[in-house]
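Engineer: Chains as they are written, first to last, in the working numbering: chain D, 230 to 342; chain V, 11 to 125.
A single structure is presented below for examination.
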């Protein structure tokens with residue numbers, strides 16, 4: 230199993246540009262989520278999904294959009310990049326049973342200039 | 011709302027000595043508690059979890075954690091630290107409520123083990 234994969238690893242954007250961060254998992258997990266990691270703030274939940282066709286907002290959803298058309302894929306779209314979105318982004322997945330631990334991807338380091 | 015506090019930004023310990031990384035939490039209802047570790051430029055790796063049952067939970071790499079309901083704590087421990095344990099550690103909590111799966115993470119504690 231490849232686990233959770235994310236592309237790209239690094240990205241530099243100019244303010245106002247849009248882009249999509251890709252996330253895929255091959256473990257047939259129902260639950261997938263996106264976090265951003267900023268120094269001293271831990272991980273904050275952006276959006277999550279409990280299955281194909283179902284998404285919901287997390288703690289910091291503004292400026293981001295998601296969709297879940299398949300079980301495997303959960304892309305994160307930045308609609309109009311801002312310097313405040315400079316961060317490291319992690320995708321995670323887990324089974325939807327009680328207590329299922331999340332498996333994390335390697336992350337995407339995004340810089341917005 | 012649920013929250014996690016990791017009161018120490020950094021913990022320093024000598025190799026071979028016991029280590030403790032502290033975590034306290036706040037959640038409605040019964041908690042599910044997790045510890046993750048992050049090595050430089052890597053994603054988070056799962057260490058251990060408390061769901062129910064025995065308050066002492068054993069996990070990967072010799073780590074364990076003790077759930078204390080009265081003190082709402084879930085401290086991570088290891089009897090003998092290794093230099094290779096140096097990393098960033100995150101505590102996370104979520105409610106056992108079936109309708110909400112989102113984890114809330116603490117701000118992280120950097121563990122530095124000196125040779």
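Yeah, the Cβ is synthetic: ideal placement off N, Cα and C, and Gly gets one too.
Strictly below 8 Å CB to CB, what residues from chain V border residue 261 of chain D?
Structural biologist: By Cβ distance, chain V contributes nothing, its closest Cβ being about 10 Å from residue 261 of chain D, past 8 Å.
Engineer: Following a CB-centred definition, is residue 11 of chain V positioned closer than 6 Å to any heavy atom of the ligand MN?
Structural biologist: The model depicted lacks the ligand MN and carries no ligand whatsoever.
Engineer: Does chain V have any CB closer than 7 Å to the CB of residue 336 of chain D?
Structural biologist: With 7 Å as the cut-off, residue 336 of chain D counts as an interface residue toward chain V.
Engineer: To the nearest angstrom, how far is the alpha carbon of residue 112 of chain V from that of residue 234 of chain D?
Structural biologist: About 20 Å.
Engineer: Taking one C-beta from the stretch 317–331 of chain D and one from the stretch 84–98 of chain V each time, how about it: are there three or more such pairs within less than 8 Å?
Structural biologist: Too few Cβ pairs lie closer than 8 Å, so no.
Engineer: Report yes if the CB atom of residue 37 of chain V is closer than 7 Å to the CB atom of residue 93 of chain V, and no otherwise.
Structural biologist: Their beta carbons are not under 7 Å apart, which means residue 37 of chain V does not touch residue 93 of chain V by this criterion.
Engineer: I want to see whether chain D comes within less than 7 Å of residue 77 of chain V, judged by CB atoms only; does it?
Structural biologist: False, the Cβ-Cβ gap to chain D never drops below 7 Å.
Engineer: Does residue 308 of chain D pass the burial test, meaning 16 or more other C-beta atoms within 10 Å, or should it be called exposed?
Structural biologist: By the neighbour-count rule (16 or more Cβ atoms within 10 Å), residue 308 of chain D is not buried but exposed.
Engineer: For the structure I just gave you, are there three or more beta carbon pairs, one from the stretch 24–38 of chain V and one from the stretch 261–272 of chain D, closer than 8 Å?
Structural biologist: Counting Cβ pairs under 8 Å, fewer than three are found: no touch.
Engineer: Could you check whether the Cβ of residue 80 of chain V sits closer than 7 Å to any Cβ belonging to chain D?
Structural biologist: Chain D contact via Cβ: absent.
Engineer: Using a Cβ-Cβ cut-off of 8 Å (strictly less than) and excluding sequence neighbours within five positions of residue 342 of chain D, which residues of its own chain qualify?
Structural biologist: Around residue 342 of chain D: 241, 242, 243, 244, 312.
Engineer: What are the complete beta strand (DSSP E) segments, minimum 3 residues, inside the stretch 39–85 of chain V?
Structural biologist: Whole beta strand (DSSP E) segments, 3+ residues: 41–48, 54–60, 66–68, 74–78.
Engineer: Name the residue from V:75, V:15, V:57, V:82 whose alpha carbon lies nearest to the alpha carbon of residue 89 of chain V.
Structural biologist: With distances taken between Cα atoms, residue 89 of chain V lies closest to V:75.
Engineer: Identify every residue that forms a DSSP beta bridge with residue 322 of chain D.
Structural biologist: Answer is D:261, D:332.
Engineer: Residues in its own chain within less than 6 Å of residue 306 of chain D by CB, not counting five upstream and five downstream?
Structural biologist: Here the set comprises 249, 294.
Engineer: Report buried or exposed for residue 318 of chain D, applying the criterion of at least 16 other Cβ atoms within 10 angstroms of its Cβ.
Structural biologist: Buried, since its Cβ has 16 or more Cβ neighbours within 10 Å.
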